[in-house]
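J.:
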Amino acid sequence: GKGLAVFTSGGDSQGMNAAVRSVVRMGIYLGCKVYFIREGYQGMVDGGDNIEEANWSSVSSIIHKGGTIIGSARCMEFIKREGRLKAAYNLVTRGITNLVVIGGDGSLTGANLFREEWSSLLDELLANNKITKDQREKYKYLHIAGMVGSIDNDFCGTDMTIGTDSALHRIIEAIDAIVSTAYSHQRTFIMEVMGRHCGFLAVYTALCTDATYSFICEDPAPNNWDKKLCAKIAEERKSGQRLNIIIVAEGAIDREGKPITAELVKNVVVENLQQDTRITVLGHVQRGGSPSAFDRILGCRMGAEAVMALMEATPDTEPCVVSLDGNQAVRLPLMECVRRTKAVAQAMADKNWDLAVQLRGRS
Ligand code: ADP
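Sequential numbering from 17 applies to the sequence shown in UniProt numbering.
1) Verify whether the separation of the beta carbon atoms of Thr261 and Thr228 is less than 9 angstroms.
2) Any residue with its Cβ nearer than 6 angstroms to a heavy atom of the ligand ADP should be included. What is that list in chain order?
3) Give the DSSP-derived three-state secondary structure of Asn114 in the structure shown.
4) Are there 16 or more other CB atoms within 10 angstroms of the CB of His300, so buried, or fewer, so exposed?
5) Helix, strand or coil for Tyr157? Go by DSSP, reduced to three states.
6) Since Ala304 and Gly122 are thought to touch, with beta carbons under 8 angstroms apart, how far apart are those beta carbons, to the nearest angstrom?
7) Counting C-beta neighbours from all protein chains within 10 Å, is the total for Leu138 16 or more, i.e. buried, or is it exposed?
8) With a 10 Å radius around its C-beta and 16 neighbouring C-beta atoms as the bar for buried, classify Asp170 as buried or exposed.
9) Within 10 Å of its beta-carbon, does Val50 have 16 or more other beta-carbons around it, so buried, or fewer, so exposed?
10) Could you name the residues that DSSP lists as bridge partners for Pro275?
11) What residue range is occupied by the uninterrupted alpha helix (DSSP H) comprising Val323?
12) Could you tell me how far apart the beta carbons of Pro349 and Glu334 are, in whole angstroms, since I believe they sit closer than 8 angstroms?
13) With a floor of 3 residues, list each beta strand (DSSP E) that falls wholly inside the segment 207 to 263, ordered by position along the chain.
14) Which runs of the beta strand (DSSP E) fall wholly inside the segment 23 to 54 and span at least 3 residues, in chain order?
15) Going by the beta-carbon positions, is the gap between Asp62 and Thr174 smaller than 9 angstroms?
16) Within a Cβ cutoff of 7 angstroms, which residues of the same chain sit near Glu153, ignoring the five residues on either side of it in sequence?
17) Report all residues from its chain with a CB closer than 6 angstroms to the CB of Val40; omit the five preceding and five following residues, and keep chain order.
18) Find the nearest neighbour of Val286 within the set Ala250, Val338, Val22 and Leu141, judged by alpha-carbon distance.
19) Looking at the ligand ATP, does it come within less than 8 angstroms of Asn239, judged from the CB to the closest heavy atom?
20) By Cβ distance, which residues of its chain are closer than 7 angstroms to Leu298, with the 5 residues on each side in sequence left out?
21) Please report how far the alpha carbon of Pro236 lies from the alpha carbon of Met176, in whole angstroms.
22) Which residues bound the alpha helix (DSSP H) around Gln58?
23) For the alpha helix (DSSP H) containing Cys336, name the first residue and the last one.
24) Helix, strand or coil, according to DSSP, for Arg376 in the structure here?
25) Just to check my reading of the structure: Leu217 and Ile167 have Cβ atoms closer than 8 angstroms, yes? What is that Cβ distance to the nearest angstrom?
26) Should Arg294 and Thr204 be called a contact, given that it needs their Cβ atoms to be closer than 9 angstroms?
27) Measure from the alpha carbon of Asp181 to the alpha carbon of each residue in Asp65, Asp150, Tyr220 and His159, then state which is nearest.
28) Using the beta-carbon count (16 or more within 10 Å), is Leu223 buried or exposed?
29) What's the call for Ala193, buried or exposed, on a 16-neighbour Cβ count within 10 Å?
30) If you reduce the DSSP assignment to three classes, tell me which class Ala345 lands in.
31) Should Lys102 go down as buried or exposed, given a rule of 16 or more other Cβ atoms within 10 Å for buried?
32) Going along the chain, which residues of its own chain have a beta-carbon closer than 8 angstroms to the beta-carbon of Asn128, five neighbours each way excluded?
33) Within its chain, find whatever has a CB closer than 8 angstroms to the CB of Gly273; leave out the 5 residues flanking it on each side and keep chain order.
34) Output the distance between the C-alpha atoms of Asp311 and Val164, rounded to the nearest integer angstrom.
35) Could you pull the start and end residues of the beta strand (DSSP E) that Glu93 belongs to?
36) Using C-beta distances below 8 angstroms, list every residue in its chain close to Tyr105, excluding the 5 sequence neighbours before and after it, in chain order.
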């Protein structure tokens with residue numbers, strides 16, 4: 017059967033295991049020889065035990081687990097051609113020419129580059145007598161299918177990235193807990209949530225928790241945000257509300273692009289309203305814990321679609337990223353989505369927030 021490998025790379029997220037499980041089982045079902053690559057690109061470069069054949073039961077009892085059982089890592093070596101040459105050797109000598117990459121835009125960019133170079137990497141390996149002419153011929157095409165694991169929902173082309181829904185559940189559960197104690201003591205809580213380049217978690221959280229205010233990066237706070245915020249809190253308290261929740265995304269900024277931190281917001285509230293105000297930074301709690309039903313199903317569907325895309329690939333099929341469009345699993349050109357995602361980041365760096373939101377589209 018065809019050699020197929022799956023790996024997780026970049027930041028982890030809940031639901032990655034469901035995706036890994038789905039890739040392994042769909043691959044085996046369709047007659048592939050399926051491998052895990054542990055620790056992302058690092059395992060691909062290092063080879064050895066990092067690349068291990070998977071069987072049906074090696075993915076039993078993982079669907080409910082957060083994180084990724086095959087490990088994830090950042091890998092400097094893979095950014096250089098020398099590292100990618102080692103990786104190509106490790107794949108060819110195992111007969112692996114199909115890769116499923118689960119990661120963020122960095123990981124997908126790396127995979128695309130690897131495929132573009134594949135032919136020349138194999139030529140170099142052959143010239144150095146690392147592989148045989150037969151291997152050079154037999155494994156001449158590399159096929160790539162990607163999917164995005166990220167709690168931030170920060171990737172263009174998919175309605176939801178794997179992990180976002182679980183992170184939302186985790187955040188909301190934490191805020192519900194805080195709300196009960198805040199109520200008792202009539203406190204204001206500033207909650208810092210993840211989302212350096214994308215306010216999705218902050219906005220959805222604000223809606224789900226009846227928050228007073230939220231700060232994000234795509235819609236910078238107006239110049240007099242401090243006055244508006246305090247007026248709104250004061251008004252809500254006057255109407256009988258006993259607490260306030262304010263959501264601050266990690267990447268929140270004002271119109272000049274200056275960061276709005278939880279500490280800054282707290283100072284504004286304390287100085288103007290003299291309220292008992294506390295900060296809770298949720299941090300990595302958001303990325304941990306068991307995946308929601310939605311993320312488990314999403315991982316299953318994306319994994320199966322990725323394997324089918326690889327099995328249907330012809331020599332000139334471009335790398336794809338499996339995405340959710342409405343309720344449909346679809347294959348989109350990988351680099352087009354990566355380019356759009358990067359264009360969003362650039363638009364925000366240029367303070368062109370309308371363009372950023374427009375480019376991001378539905379997600
Ligand atoms: P994410 O995939 O979550 O965006 P990173 O940007 O850190 O996370 O990328 C993860 C890994 O992907 C990097 O450590 C590196 O090994 C690989 N990678 C990222 N960008 C490139 C690139 N331009 N060329 C080659 N490899 C890359």
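Glycine is no exception: its CB is placed at the ideal position from the N, C-alpha and C atoms.
Values in this document were obtained by computation on a predicted structure and should not be read as measured data.
T.: On the basis of the coordinates in this document:
1) Note on residue identity: the sequence assigns Ile, not Thr, to residue 261. In contact: Ile261 and Thr228 (Cβ atoms closer than 9 angstroms).
2) Ser25, Gly26, Gly27, Tyr57, Arg90, Cys91, Phe94, Ile95, Gly119, Gly120, Asp121, Gly122, Ser123, Thr125, Gly126 and Leu129
3) strand
4) exposed
5) coil
6) Note that residue 304 corresponds to Gly in the displayed sequence, not to Ala. About 21 angstroms separates the two Cβ atoms, so there is no contact after all.
7) Answer is buried; the Cβ neighbour count reaches 16.
8) buried
9) buried
10) Ile269
11) Ala309 to Glu328
12) The beta-carbon separation of Pro349 and Glu334, rounded to 6 angstroms, stays under the 8 angstroms limit for a contact.
13) Counting only runs of 3+ residues, the beta strand (DSSP E) found wholly inside the segment 207 to 263 occupies 229 to 231, in chain order.
14) 49 to 53
15) no
16) No residues qualify anywhere along the chain.
17) Val50, Ala70 and Val75
18) Closest by alpha carbon: Ala250.
19) Absent from the structure shown: the ligand ATP. Ligands present: the ligand ADP.
20) Ile187, Ala190, Met207, Glu208 and Val209
21) 23 angstroms
22) Residues Gly56 to Asp62.
23) For Cys336, no alpha helix (DSSP H) run applies; the uninterrupted beta strand (DSSP E) run containing it begins and ends at Cys336 to Asp341, by DSSP.
24) Secondary structure at Arg376: helix, using DSSP grouped into helix, strand and coil.
25) 7 angstroms
26) yes
27) Proximity to Asp181 across Asp65, Asp150, Tyr220 and His159 peaks at Tyr220, based on C-alpha coordinates.
28) exposed
29) exposed
30) It is a strand residue.
31) buried
32) Ile160, Pro335, Leu350, Met351 and Val354
33) Pro236 and Lys367.
34) 12 angstroms
35) No beta strand (DSSP E) contains Glu93, which DSSP labels as neither H nor E.
36) Gly63, Leu141, Lys146 and Ile147
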